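Asks:
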Amino acid sequence: MENELDLSAEKEMGAESSLSDQIESKNSSRKTRDSSLLNESDLEERLDSAEDHEEEEGRDYSGFSKQQFVELIKTLTEEKSFKRVDLILKEVQPLFEEIRQGEKSVALEKFLADGGIAEDFQFNLDEHDRAFDATVKALRSKRNKYYKALEIQKNENLEKKNQLLEQLRTLVDGEETENSFKAFKEIQSAWRSTGSVPGNHSRTLWANYIALVDRFYDQRNISFELIELDRKKNLEAKIELCQRAEQLDKVESIKEAAKELNALHDEFKHIGPVSREHKEDVWQRFKAASDAVYARRDAMMVELLDSFKKNKEEKLNVIQEVLAFTAFDTDNIKEWNQKTKEILDIQKRWEAIGPVSRSDTKEINRKFWSSFKEFFGKKNAFFKRLDGEREENLKRKEELIKKADDLKVSKDWDKTSNALKALQVEWKNIGPVPEKKRVKVYKRFKNACDYFFNQRREQFGKLDEEQQQNLNKKDAICEEMEKVAVQKSGSLDELRTLIDQFNGIGFVPKNTINKSKKRYDKAVQSYLDNIEGLEAADKDRVLMEMQLATLRNDPQGERKIHHKEQHIRKQINKAENDIAILKNNMEFFGRSRNAEKFKSQFNEKLELATSELQELKKQLKLLKTVS
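In this text, residue positions in the sequence shown follow my numbering: the first is 867, and each later residue adds one.
(1) For the alpha helix (DSSP H) that tyrosine 1160 lies in, which residues bound it at each end?
(2) Classify glycine 1243 as buried or exposed, calling it buried when 16 or more other Cβ atoms lie within 10 Å of its own Cβ.
(3) To the nearest angstrom, report how far apart glycine 1040 and arginine 1151 are at their CA atoms.
(4) Within a Cβ cutoff of 8 Å, which residues of the same chain sit near lysine 835, ignoring the five residues on either side of it in sequence?
(5) By alpha-carbon positions, which one of Phe1174, Lys1176 and Lys1207 ends up nearest to valine 829?
(6) Of the residues Gly1297, Leu955 and Pro1139, which one's Cα is nearest the Cα of lysine 1533?
(7) Anyone know if the C-beta pair for threonine 1060 and lysine 1014 falls short of 9 Å?
(8) Sort Phe1082, Leu1031 and Asn1021 by Cα distance to threonine 1043 and report the nearest one.
(9) How about phenylalanine 962 and phenylalanine 989: are their beta carbons less than 9 Å apart?
(10) Give the straight-line distance between the Cα atoms of valine 972 and serine 931, rounded to the nearest whole angstrom.
(11) What three-state label does DSSP hand isoleucine 1365 in the structure shown?
(12) Can you tell me whether valine 1063 is buried or exposed, with buried defined as 16 or more other CB within 10 angstroms of its CB?
(13) How should alanine 1514 be labelled, buried or exposed, when 16 other C-beta atoms within 10 angstroms of its C-beta is the threshold for buried?
(14) Check serine 1283 in the structure and name its three-state DSSP category.
(15) Whole angstroms is fine: what's the gap from alanine 984's alpha carbon to aspartate 1271's?
(16) Ordered along the chain, which non-local residues of its own chain (more than five positions away) have a Cβ less than 8 Å from that of leucine 1479?
(17) If you reduce the DSSP assignment to three classes, tell me which class phenylalanine 1194 lands in.
(18) Quick check on the burial criterion: 16 or more other C-beta atoms within 10 angstroms. Buried or exposed for asparagine 1369?
(19) Quick check on the DSSP output: what are the complete beta strand (DSSP E) runs of length 3 or more inside the region 1231 to 1290, in order along the chain?
(20) Asparagine 1396 and valine 1352 - do their beta-carbons sit closer together than 9 Å?
(21) Do the CB positions of isoleucine 1365 and asparagine 1336 come within less than 9 Å of each other?
(22) Just verifying my parser: in three-state terms, what is the DSSP assignment at isoleucine 1219?
(23) In terms of residues, what are the limits of the alpha helix (DSSP H) holding alanine 1015?
(24) Please look up how many angstroms separate the CB atoms of leucine 862 and alanine 1056, rounded, as I've assumed it's under 8 Å.
(25) Just to confirm my understanding: we take alanine 1111, look at its own chain, exclude 5 residues before and 5 after, and list those with CB closer than 7 Å. What are they?
(26) Any chance you could list the beta strand (DSSP E) runs of at least 3 consecutive residues sitting entirely within the region 1298 to 1354, in chain order?
(27) Please classify glutamine 1054 as buried or exposed, where buried requires at least 16 neighbouring CB atoms within 10 angstroms.
(28) Taking leucine 1358 and aspartate 1406 to be in contact with their CB atoms under 8 Å, please state how far apart those CB atoms are, rounded to whole angstroms.
(29) Out of Leu1034, Glu1481, Thr1378 and Tyr1317, state which residue places its alpha-carbon closest to the alpha-carbon of isoleucine 1076.
(30) What is the DSSP secondary structure of glycine 929, reduced to helix, strand or coil?
(31) For phenylalanine 1311 versus isoleucine 1267, is the C-beta spacing smaller than 9 Å?
(32) What does a CB cutoff of less than 6 Å around glutamine 1204 pick up in its chain, not counting 5 residues either side in sequence?
(33) Whole-angstrom Cβ separation of phenylalanine 1249 and phenylalanine 1194, contact assumed at under 8 Å?
(34) Evaluate lysine 1214 with the Cβ neighbour count: other Cβ atoms within 10 Å of its Cβ, from every protein chain shown; 16 or more gives buried, anything less gives exposed.
(35) Leaving out five residues on either side along the sequence, give the residues of the same chain with a beta carbon under 6 Å from the beta carbon of glycine 924.
(36) Is phenylalanine 935 near histidine 994, with beta carbons less than 9 Å apart?
In structure tokens:
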């Protein structure tokens, strides 16, 4: 009996000694937990900042069109990070609004120029405006719903954790039972599984929880074996977290490694205490693994900042190149087009340069785009002035048309003939008119002249002589084309003038028609081939105009033009079907093992088919325009 009492006393002394050790280490444990908490807070802040920097730093939206902005924000409807959505909207909304205000100003200016009153002006939004506004509204609604639900969930978590604190407080202040430790562990497990709470309650809630946990361990006469078992399990759990943290050094994506480390810190913080002898070692091991991730992040940031600096230097050099274009001015269309090509090439180089730091982005972009826009502003002013001159030429030619219409019914053949010829000379001396009106006004003038001279030929029976004269005139025009082609001094406007002159000449002797046409076709082709810098599209347009002019002079011209249009439409349908089949095949091969190989081949075919389709549509549009 005495031995049993000694043994019991010895056990009680061992338990008291263990609890005493725990009480003595309480302050140290609290410091460790506080340190963990501070490291966690610091980590979250660094991760948020670095992630935002990595995702959005240096992005340049200033060159986007309204359609590109709409496509951009539509992609945000699938974005999970509302913080990133807010950052992008903050960047693009002012830029989109700037474009909209520019369009509104242009529309108002035209409205006033047409005689409108400013108070009556109404600006109609286009489909891109409506799509942009609707998408922004939907994003904001979705964001508000998300944060409202998140706030509700956090408040529910707060209420649940307050209930757990009350349960823990009751357990700490109550009498010890054989189930006390089990109840304590259940409360701990429930606490860990409960999500985050509103930020203004987080620290207070955590401090209360830690204080009650400390009181539980300080005040309860828990058996030494149970405490040690719990500490051993806690140690094993923390060692596992250390191992997982150490493996993060092998994760290629620093962003993913940092996010995982964030989760590990949260787990580490909520695991209970370990024995004093292992406490510092396990924390230092976990901290060392964390520091390794931080070191990689810091190295990446240094490299990123170096690249920003290099990109800034390159962009400043490009800005100096673009600045020189602001002083350019000329009255020559060809020179404007050449300069435009050069500045667009510079823009491609600008876009190929990587981003700069956020603090430099706005100013760097402002300098580049202000010079870029100034150049195109001057170019637009030039062409606007040119359009004004062509509108004035149009008015003068319409006056000649009216005079020709008045003269065409005259029977005073000699006087009227000379008058119409004088009008034709005057017509030739007037400069070009707006392109969309050129064929129409010429056709009206020519019809008026042709009506009179046809009547005149019928009256005097001088068809053969006049046709020979027409042949001589056409030969002279062909000779002029051939001469200019050799000298390579021609322009598209001059060629069109010659073509108009050629087509304005009446019939030639029947036995010379084929020979004259062959010489004319060859002269035009040679003239086109020797115009420097002429785009293929312009060349094709002129050739189409020639064909249509020939068909219109044909007795069955209308029928042939109709057949040509139907032939082009059939080619367009075939091209569209080919493109649809190619796209379908690409989707099928996209799921095969050799997807990339087939994809490359089909992409080439698809690009060729798309190019052919675009060319056919241009021909059809040109056919409708000039016919």
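Just so it is clear, CB atoms sit at the ideal spot from N, CA and C, and this is done for glycine as well.
Nothing here was measured: the structure is a model prediction, and the numbers come from that model.
Replies: According to the structure shown:
(1) Its alpha helix (DSSP H) spans residues 1142 to 1191.
(2) Looking at its Cβ environment, which holds fewer than 16 other Cβ atoms inside 10 Å, glycine 1243 is exposed.
(3) Straight-line Cα distance between these residues: approximately 38 Å.
(4) For residue 835 there is no data in the structure shown, the boundaries of the chain being 867 and 1493.
(5) With the chain covering only 867 through 1493, there is no way to say anything about residue 829.
(6) Past the edges of the chain, shown from 867 to 1493, lies residue 1533, and the structure says nothing about it.
(7) no
(8) Phe1082
(9) Here phenylalanine 962 is not near phenylalanine 989, since their CB atoms are 9 Å or more apart.
(10) 17 Å
(11) In the structure shown, isoleucine 1365 adopts helical secondary structure according to DSSP, grouped into three states.
(12) buried
(13) No statement about residue 1514 is possible, as the shown extent of the chain runs from 867 to 1493 and does not include it.
(14) helix
(15) A straight line joining the alpha-carbon of alanine 984 with that of aspartate 1271 spans about 40 Å.
(16) Contacts found: Ile1438, Ala1441, Glu1442 and Ile1445.
(17) Coil.
(18) buried
(19) Listed in chain order, there is nothing to give.
(20) Yes, the Cβ-Cβ distance between valine 1352 and asparagine 1396 is below 9 Å.
(21) No; because the gap between Cβ atoms is not below 9 Å, this pair is not in contact.
(22) DSSP, reduced to helix, strand and coil, places isoleucine 1219 outside both helices and strands of the structure shown, so it counts as coil.
(23) 993 to 1039
(24) For residue 862 there is no data in the structure shown, the boundaries of the chain being 867 and 1493.
(25) Leu1127, Leu1130, Phe1152, Ala1155 and Ser1156
(26) none
(27) buried
(28) So it is not a contact: roughly 12 Å between Cβ atoms.
(29) Leu1034
(30) coil
(31) yes
(32) none
(33) At roughly 14 Å, the Cβ-Cβ gap does not stay under 8 Å, so phenylalanine 1249 and phenylalanine 1194 are not in contact.
(34) exposed
(35) With a pLDDT of only 49 at glycine 924, under 50, the local geometry of the prediction cannot be trusted, and no value is derived from it.
(36) Going by C-beta atoms, phenylalanine 935 is nearer than 9 Å to histidine 994.
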